[in-house]
Every structure is written in C-alpha cells, then in structure tokens.
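Taking it in order: structure first as structure tokens, then the write-up.
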Amino acid sequence: MWVFCMDKAEKVMNLAMRRGFFWPAYEIYGGVAGTIVWGPHGVAIKNKVINLWRRMFIHKHNFLEIQGPAIAPRIVFEASGHVEGFKDVMVTCLDCGKKYRADTLLSEKGIEVSEALSLSEFDKLIENNDIRCPSCGGRFGNSTYFITMFRTTIGPYSESEGFLRPETAQNMFVEFKRVYESFRRVFPIGIAQIGRGYRNEISPRQGPIRLREFDMMEIEFFFDPENDYCPYYDEVKDEEINILHEELIKRGGADYETMSLEEAVSRGIIRNRCLGYFMVLAVKFLERLGIPREYQRFREKLEGERAHYAVQTFDQEVKLDRWGWVEVSGHANRTDYDLSRHMKFSRKELFAYRKLDKPKKVVIKEAYPMPRVIKEKFGDKIAEIMKELAGFEAKELYELLERDGWVKVAGVKLGKEFFDIRVEEKWVEIEPFIPHVVEPSFGLDRIVYAVLEYAYREVNDRVVLSLPPYVAPMEVAVFPLTSDSELIGLAREIYEDLKSAGYTVFFDDSDSIGRRYARADEVGVPIAVTVDFKSLEDGTVTVRDRDSWVQYRINKDRVVEFIEKVVSGTTFLEVAESMGLERYSQ
RNA sequence: GCGGCCGUAGUCUAGCCUGGUAGGAUGCCGGCCUUCCAAGCCGGUGAUCCCGGGUUCAAAUCCCGGCGGCCGCACCA
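For the first sequence, my numbering assigns the number 24 to the initial residue and increments by one for each residue that follows.
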C-alpha cells in the first residue's frame, strides 16, 4: 500500500484528511498557513480529551472554570507585558533581503541594548557600529517593529486598539477578584479556562503543531506565598518523572534524568510543590491518552528562554516521529507578576486576604495634603500642585516627608506643615497579600495530534488507530455478517438500541465483513458487534476487539453493559473475562 | 521572511524536459457473489491540472507574480 513510503507525520495527516479528523483550512481559496479545520472525528476526540482534562484537573480539585473573551483592550496586554515582550525590532538586509532581530545583531557585537530604545536609536547604533548582514555583508535598511499578536480595533468607528489574546491566562488574572469574592474567598484557589488563543506566527509550519489559532486548556493556581503547602503533593510524590533540568542542559546532556517528584523537590530542581504536582498529573494525563512515559519529558527553560513573567518553567514535551521533542504543555511559576502588574495598570486592588493566627497591631502612617494651607501660600498654583499630588498614595507621601522632610511637586517644595499627618494604631485579624500563581497550560491541538500519532499502527496491510476507548470518536460499530436481510434487520435494531443508550455508533452493511472491520479500525472504533446466523437463533452476537481481533460471544442484551465497561477504562479482554464470556472463533 | 524542492479526482500518483485540453491505482456509490478480517466480477462516480497574468493558432506542460506544502536558516515571548 502507498502509505508505507511516508513518514509517520505524513501518514497520520493523510489519514486525518481522508477520514475527517482534521485538514488545512480555506483550501478552496488556496489555504492560509497556520490554520486547520477539525473535522467530525477530530472534534469528537478533542471533546473527549477536554472531558478527561476537566475530570483530572478541574473537578478533582474543585477548581473554577470560566470563559472570557478572546478580544482584549490594549491596556490588558500592556499590563501583562506582552505588548513589550511580543514586540521585536527587525532589520532587513538591503542586498539579500534577510531579516534579523536588531538586538541579537548588536549583542553579538558586544553591545547590550535596553528594551526601551526607539527605532531611530537602533538605526543609529547599527550605523555607528557598522553592523552588516552576517550572510552577505550588505547594509541594513531602517529598522521596524514586528508584533506577533493579532491587532484589531474594538467597535466599527472606534480607534480603540485591541489584541487577540496570545494566551487565555490574562482573563483569569483580570477576573481574579470577582471569582475570588463570589466563591467565598477559599484559598488556595484554582481558576481554569479552555479556549482559543491567537499568535501571528512569522512562519507557521508543521501542520497542527504550530497554528496561528489554537485551543488551550489552562489553570492559574493562586496560593499564599507564605503558605505554599500543596494539599495534593503527598498523593503523587513517589511518582517518577523524566526531567531534562538546567544542570543537565548546561552540562550539554541531551538525555533526561528519571527521578521521583520528591527527589526533584528535595534536590531543588522543582522549586514549588504545586508546580511539581501538576507536572506529575500532566504525565498521567498523557499516559491515559496513550502516550507512554518514556516518550514524555520535562525540559527546563533556561534564563533567556523563559517568558518575561516566569521565574521557573518546565515544558512538557512528547517525542514525535518527525519533529522530535515537541512542547505540549508548559508549567510556569508566574509568582505575583501578573496580579501586581494588573494592580498597577488598573489601579484596583487585587488582594487576597489571609487570616492571622493572632490579631496583629499595625501602624498606619499616612499624609494628606491640606488644600487650604497650600492655597494660602501658593495661591493659584494650587490647581497644578493638587493635580500632581493626586498621583501619590497617602502612604507614599508620608514616607517621602519622613525621608526628605518635603515633597517636590509643580516646582515647589512642600514641607510637613502642608500635610495632615495621621499615625494610627490598629488591631487587625486579616491582612492582604498578592497571591502567587503556578500555571499548567496545555496545547490541545498538539495533544490531539500526539494522541493520533501514538495510536497509529500498521497491521499487515491495514491501518489501525489504537485510541484508548474513552477518546475514540465512536465507541462501537455494528455489522451484519452478510447482506442477508434478516441479519441486517437485527443489526439495525441493535444499532438503534446502542444509539439510544447514548453511544456514537458506526453502522455499515456494504462490502465484505473484512472490509468493514478495516474501515472501523482505521478510525479507532474499539468494539465491533457482528450479527451472524447464530444471532437469529439464540440472540447472541459477537464482540470484536480492535487491537487483538479476538471475538467473544455475548447476549445482545448485555452489549451496552460491555461497552460501558470498556469505555470506562477496563481493557476489552478483562471485561470479557469478568463477564464470563465465551471466546468465539469461526 | 530568505534559499532549495514541490503543487494533477477523496487519497497516492503518470504525463511536464521534447506544448496538441489528462492515464493508472485506490477510495466512494450501485449490483452480483459471499457464514468473519481491505477476496473476486460487472457497472457507475469522480480533476477550476493551486490562483492570476504572459508567450503561442494551441499551455497541466514554457515564462513572470501570488498562495499553499515540505526541508534548511531565522522566528516560536
């Protein structure tokens, strides 16, 4: 068969296209790079993967799932640091047309540049240091920005600038306060979101691996930095995980090290227990999707590779046939970076509160300007003075007055005599803090692709998709052995019964029975029910295992029970055994 | 974005160099046959030859531009 000369990625994508799992989008108009369509079977698998994730990551911990908009006003991504972080300065060689990042070129010449430089300052630096194209020696044209976020305007007449979110995370930070308050201030608190993200990749390739629009499943786990006890840690601390950690990478090693979570934490490799907990859970998640542990690893992101918001990040990677180790989830410790930034930009308090063991005395030291006194001395200048003073917190003013004895605004020095200075003592039982966050973040499209690749098998001349039954796009197939009308009649009855029971059922009465098994195997249907002539006599049918092709005879009334057990995760052979079924061979 | 290779039914491909409006395989649909693993036979269905422009009496074929795919470089926060 022709598929044997392709590599695995090509085989999987070919199957995906032929049988309706996924395909390139907008094909009739020539296509758009970095976009795909998930077809009916693909959607079915995706939904089942999402459900498994919901069970394992959200329901188990009573986390709170939200759905926020993908469009956000500019300020959200200014606060998050993405406008700066996603923006790079590029220069193009006038001779050969190659593009380079300006900061990389400069730092190669030993010139370190700050992020705040303007385009003309970049041009000057390149001119003055005579920086030429590394490949052809040509001169560079003027530098330009490129932003890999999708930009848009909000409102048809509006100039209000917005962006499509490059990660779903910001919704959970922005809406933190409302979720926290409307769900009775429990802490720690996990907020989850499943949704689309958008990145205007420069050159997306690799089919479903690098998309411009993709689905993510993310959790922001908020905790008290003074109490980072992880309630789930003990459950999994002895589980083994594969880690390619910083030390190994720096030593130049390419092989991961296998160790228990406990060991990774005690050696200081994973510096937050909850982060480690989610990493183990991520391993188990992929394992249940059919990706063995030895083909999974965590790669620690080094200082320069890490996102601007993270102090420690591990990428969970899966080994794919064509592309090698590919990231499918990221596990980042984002600290209080995001909430702090949103506090600053929104000027809203995004605190959580911790109850103190015993009430604590706090001294509140604040200074409030006294407009009447200021007006007496400075007259009409008061307007300008008060405007500038509004930019300070009362606490800040107190501190400035303590330190310098005066505050300088609008070109005048205001001494203590212009302020109402309040020093109060108060007993408090709770105190505010900015929660810290660890974030497990999964790329759904890549995971579904990896699941398909690991399920893909060739047996004799046929393709079999050995998907775990709980993610297969259809649970069961029903076939009459031949085109005998009585067999078809009974098969249709069973087909309808199984549909009523809630299953997605594949019915097929064309061609030979072998061909129909093959068609069902190819899309991963785990169970095939065959109605034969014995069925007409005693009401039994056979159930066939997709992976072993072994068949058992079962009363047709027990088929639903059988499917239910297989779909819940017990293997076909174990279920047949436990139900006391008789092996069938023709 | 740059460089190399490439783009023909649902899928895989022949034809392109040496212009004369597409051939195979498989799939799909129908029928015959068939008591369990893509069997066989008969019939049928199916292609804007990626898009646009140019050269020519005539373009899948030659030329130019674009789009898309793969590989390498760069990028992937």
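The C-beta atom is built at its ideal place from N, Cα and C for all residues, glycine as well.
Extent of the continuous alpha helix (DSSP H) run through residue i
i: residue 3; result: Outside the shown range of the chain, which is 24 to 609, sits residue 3, and nothing can be said about it.
i: residue 151; result: 142-151
i: residue 427; result: 417-427
i: residue 539; result: 536-545
i: residue 334; result: Counting along the chain, residue 334 falls outside any alpha helix (DSSP H), and DSSP gives it neither H nor E.
i: residue 287; result: 284-289
i: residue 401; result: 394-401
i: residue 512; result: 508-523
i: residue 302; result: 296-311
6 Å CB neighbourhood of residue i in its chain, flanking five on each side removed
i: residue 491; result: 313
i: residue 200; result: 373
i: residue 293; result: 287 and 299
i: residue 24; result: With a pLDDT of 40 at residue 24, under the threshold of 50, the predicted position of this residue should be treated as unreliable, though the coordinate-derived value follows. 484, listed in sequence order.
i: residue 396; result: 441
i: residue 386; result: 448
i: residue 320; result: 265, 267, 279 and 340
i: residue 376; result: 453 and 455
Cutoff 7 Å; reference residue i; Cβ partners in own chain excluding five residues on either side
i: residue 62; result: 43, 44, 45 and 46
i: residue 55; result: 48 and 49
i: residue 36; result: 230
i: residue 365; result: 102, 196, 197 and 373
i: residue 432; result: 408, 411 and 412
i: residue 473; result: 314, 341, 343 and 351
i: residue 185; result: 94, 95, 96, 97, 175, 176 and 177
Burial state of residue i, where buried means 16 or more other Cβ atoms lie within 10 Å
i: residue 468; result: buried
i: residue 427; result: exposed
i: residue 309; result: buried
i: residue 76; result: buried
i: residue 475; result: buried
i: residue 151; result: exposed
i: residue 132; result: exposed
i: residue 336; result: buried
i: residue 379; result: exposed
i: residue 169; result: exposed
i: residue 277; result: exposed
i: residue 181; result: exposed
i: residue 547; result: buried
i: residue 51; result: exposed
i: residue 352; result: buried
i: residue 358; result: buried
Alpha-carbon to alpha-carbon, residue j and residue i
i: residue 508; j: residue 606; result: 26 Å
i: residue 451; j: residue 381; result: 9 Å
i: residue 26; j: residue 206; result: Caution is warranted here: a pLDDT of 47 is assigned to residue 26, below 50, making its placement in the model unreliable, and the coordinate value is therefore given only provisionally. Taking the straight line joining both Cα atoms gives about 54 Å.
i: residue 74; j: residue 240; result: 11 Å
i: residue 176; j: residue 183; result: 6 Å
i: residue 398; j: residue 455; result: 37 Å
i: residue 232; j: residue 339; result: 14 Å
i: residue 269; j: residue 343; result: 23 Å
i: residue 204; j: residue 577; result: 54 Å
i: residue 604; j: residue 559; result: 19 Å
i: residue 250; j: residue 459; result: 10 Å
i: residue 600; j: residue 501; result: 22 Å
i: residue 563; j: residue 525; result: 21 Å
i: residue 407; j: residue 436; result: 13 Å
i: residue 29; j: residue 297; result: 42 Å
i: residue 586; j: residue 67; result: 17 Å
i: residue 418; j: residue 202; result: 29 Å
i: residue 609; j: residue 543; result: 20 Å
i: residue 461; j: residue 246; result: 8 Å
i: residue 457; j: residue 523; result: 51 Å
Residue i - containing beta strand (DSSP E), residue span
i: residue 356; result: 347-358
i: residue 239; result: 236-246
i: residue 209; result: Per DSSP, residue 209 belongs to no beta strand (DSSP E) and is neither H nor E.
i: residue 572; result: Run containing residue 572: none; DSSP gives neither H nor E here.
i: residue 185; result: 184-187
Same chain, Cβ closer than 8 Å to residue i, five either side skipped, listed in chain order
i: residue 318; result: 341, 342 and 477
i: residue 550; result: 492, 498, 499, 500, 566, 567, 568, 569, 585, 586, 589 and 595
i: residue 574; result: 553, 565, 566, 567, 568, 606, 607 and 608
Any non-hydrogen atom of the ligand NAP within 7 Å of residue i CB
i: residue 182; result: Among the ligands in the structure shown, none appear at all, so the ligand NAP cannot be discussed.
- request: Determine, using beta-carbon pairs with one atom in the region 281-288 and one in the region 253-268, whether at least three such pairs fall under 8 Å.
  value: yes
query: Does the region 204-219 come close enough to the region 234-253 to have 3 or more Cβ pairs within less than 8 Å?
result: yes
query: Within the chosen definition, does the region 497-514 reach the region 479-489 through at least 3 CB pairs nearer than 8 Å?
result: no
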